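Accompanying notes for the structure given below.
2 protein chains.
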Amino acid sequence: VPPTGLLVGILGGMGPAATADFYEKLIKATPARTDQEHLRVVMWADPTVPDRTEALKDAGADLIAVPCNTAHAFVPRIELQVGVRIIHMIEETARHIDAMSPPVDRVALLATTGTVKAGLYQDWLSRTGKKVLLPTAPEQAEVSRIIGEVKAGRVVTELRHRIAEIAETLVARGAQVVVAGCTEIPLVLRPEDVSVPVADPSQILAEAVVAEAGGTLIPQR
Amino acid sequence: VPPTGLLVGILGGMGPAATADFYEKLIKATPARTDQEHLRVVMWADPTVPDRTEALKDAGADLIAVPCNTAHAFVPRIELQVGVRIIHMIEETARHIDAMSPPVDRVALLATTGTVKAGLYQDWLSRTGKKVLLPTAPEQAEVSRIIGEVKAGRVVTELRHRIAEIAETLVARGAQVVVAGCTEIPLVLRPEDVSVPVADPSQILAEAVVAEAGGTLIPQR
């Protein structure tokens, strides 16, 4: 039996395309030169029964990633119950934004209405003194519609333009960074279409997982 | 508890980028309009211990996909031992090619040396009277090098050009279709760079899984 590294659990399926996108980001974020240097991964992606955390624990996961912002409302409770470390995507994103250079203090949030109302980004970002700028109610309705279109597999030019326009209205109101705060958003919002940096929590989570598990990556033999 | 469909097991990790590519193709091949209409998936991607079929069975997988051509040398034996249906990627690809219109009888194979030597495509394609054209030994060495580069995360223009050139030498020798017979190949060989159709077994497997599990997809409520 060869030496093996930590087993990374991915709780996916919410939604599926965003889960595939996260997994791809995780692979690309891993500094592996051979297959064997890559992370060991077990993934549950069951859109009908989203909480499969117990199954990941039973599979032996050492740490768990949940590539869904909205689900993070439940993450602390699940982590406590299951007893496996869950890398907190929103905490990691807040830390990433706090470390940006030049520093920012006004952050635009594009997310589901559920994430916005749960106040997760607002809470985490306020701890380091950041102010969150939200879309207007009609804009938020459009953001929700766009997320639904991406979930339905429709990523078309019209949606790309519209989400970038909404981001730019927040930039015009003073935002210095835009958080793609729903894992479907990076599938439709291209950083090159926005005049300030776009923080992608899915990418940040992928890098955090690699950093956490990276010390146990198998060295090239 | 809502009604749930079949649980699809994915045995991945060989290699990781190809597994991510397959999972993305599976999502895109699913005719779902909402998250809940997507397939239930459990994936083991452990590059250090590739055979996690038992874990997929224990997780309750109803059918298993193995997005790795080379591993198919072991698929019939594993299927027999584990007792869970494994959708056979190479059999599905041979069927796909036999159904092509206009019909083809000469098929180019770009694959790992292991897959070429195992004779899997040769066996399956000969059942419907197809002839397999292989790269020359120096070309095969280059194909192997290119697969290694993709596994190492380097997908650059030079590789794209070179793999397309090798494909074209096989077309010049009479091939009417090119099989991207290693799941890393579709990550670097673009169909638009080849003058005949490219058969992508990873895509064909994704569609076969959806067709197999599709009857139990959850209808939109």
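Going down the list, the protein sequences come from chains A and B.
Offset between the first sequence (1-based) and my numbering: plus 2.
Offset between the second sequence (1-based) and my numbering: plus 2.
Think of the CB as a built atom: it goes at the ideal place given N, C-alpha and C, for glycine as much as any other residue.
None of these values were measured; they are calculated from a predicted model.
Counted within 10 angstroms of its Cβ, other Cβ atoms place A/R79 as buried (16 or more) or exposed: exposed
Neighbour flag for A/H40 against chain B, beta carbons, 9 Å: yes
DSSP three-state assignment for B/G116, whether helix, strand or coil: helix
Close-in-space but distant-in-sequence residues of the same chain around B/M16 (CB under 7 Å, 5 per side omitted): P49, P52, C70, A73
With 16 other Cβ atoms within 10 Å as the buried cut-off, status of A/A210: buried
Three-pair Cβ contact test at 8 Å for the stretch 93-107 of chain B versus the stretch 119-133 of chain B: yes
Buried or exposed by the 16-neighbour rule on C-beta atoms within 10 Å, applied to A/H90: buried
Contact list for the stretch 67-81 of chain A against chain B, Cβ threshold 7 Å: none
Within chain B, the residues that A/V44 reaches when beta carbons sit closer than 9 Å: V44, M45, W46, A47, D48, R54, A57, A61
A/I206 beta carbon less than 9 Å from that of A/L112: no
B/A47 Cβ short of 8 Å to the ligand MG heavy atom set: The ligand MG is not part of the structure shown, which contains no ligands of any sort.
Inter-residue spacing [alpha-carbon to alpha-carbon] between A/Y123 and A/P193: 20 Å
Limits of the unbroken beta strand (DSSP E) element including B/A177: Looking at the DSSP string, B/A177 is not in any beta strand (DSSP E), and its letter there is neither H nor E.
Proximal chain A residues relative to B/E26, where beta-carbon distance stays under 9 Å: A19, A22, D23, Y25, E26
Test: A/V190 CB closer than 9 Å to a CB of chain B: no
Three or more C-beta pairs below 8 Å linking the stretch 37-44 of chain A and the stretch 155-162 of chain B: no
Reference B/A166; option with closest CA among B/L58, B/V190, B/V43: B/V190
Within chain A, the residues that B/R35 reaches when beta carbons sit closer than 7 Å: A154
Proximity below 9 Å, CB of A/T55 to CB of A/G14: no
Whether A/E151 touches B/A19 by CB criterion (9 Å): no
Proximity to A/A120 [Cα-Cα], best of A/I92, A/I99, A/R147: A/I92
N-terminal and C-terminal residue of the alpha helix (DSSP H) that B/V10 is part of: It is not in any alpha helix (DSSP H) - B/V10 instead sits in the beta strand (DSSP E) that spans 9-14.
Residues bridged to B/W46 [DSSP beta-bridge criterion]: A/V44, B/L13
Reduced DSSP secondary structure (H/G/I, E/B, other) of A/V84: helix
Partner residues on chain B for A/I29, Cβ-Cβ distance less than 7 Å: P18, A19, A22
For B/V211, three-class secondary structure by DSSP: helix
8 Å Cβ cut-off: residues of chain B touching A/G216: Here the premise fails: no neighbours, minimum Cβ distance about 15 Å.
Assigned secondary structure, A/L161 (DSSP; H/G/I helix, E/B strand, else coil): helix
Run of the beta strand (DSSP E) containing B/I92, from where it starts to where it stops: It is not in any beta strand (DSSP E) - B/I92 instead sits in the alpha helix (DSSP H) that spans 91-100.
For A/I66, the residue or residues it bridges with in DSSP: A/G11, A/I88
Run of the beta strand (DSSP E) containing B/K133, from where it starts to where it stops: 133-135
Own chain residues within Cβ distance below 8 Å of A/G62, not counting five before or after: L9, V44
Presumed contact (8 Å Cβ cut-off) between B/I168 and B/V145, rounded CB distance: 6 Å
Opposing strand residues paired with B/R108 [DSSP bridges]: B/K133
Where B/L82 falls, given that 16 or more other Cβ within 10 Å makes a residue buried: exposed
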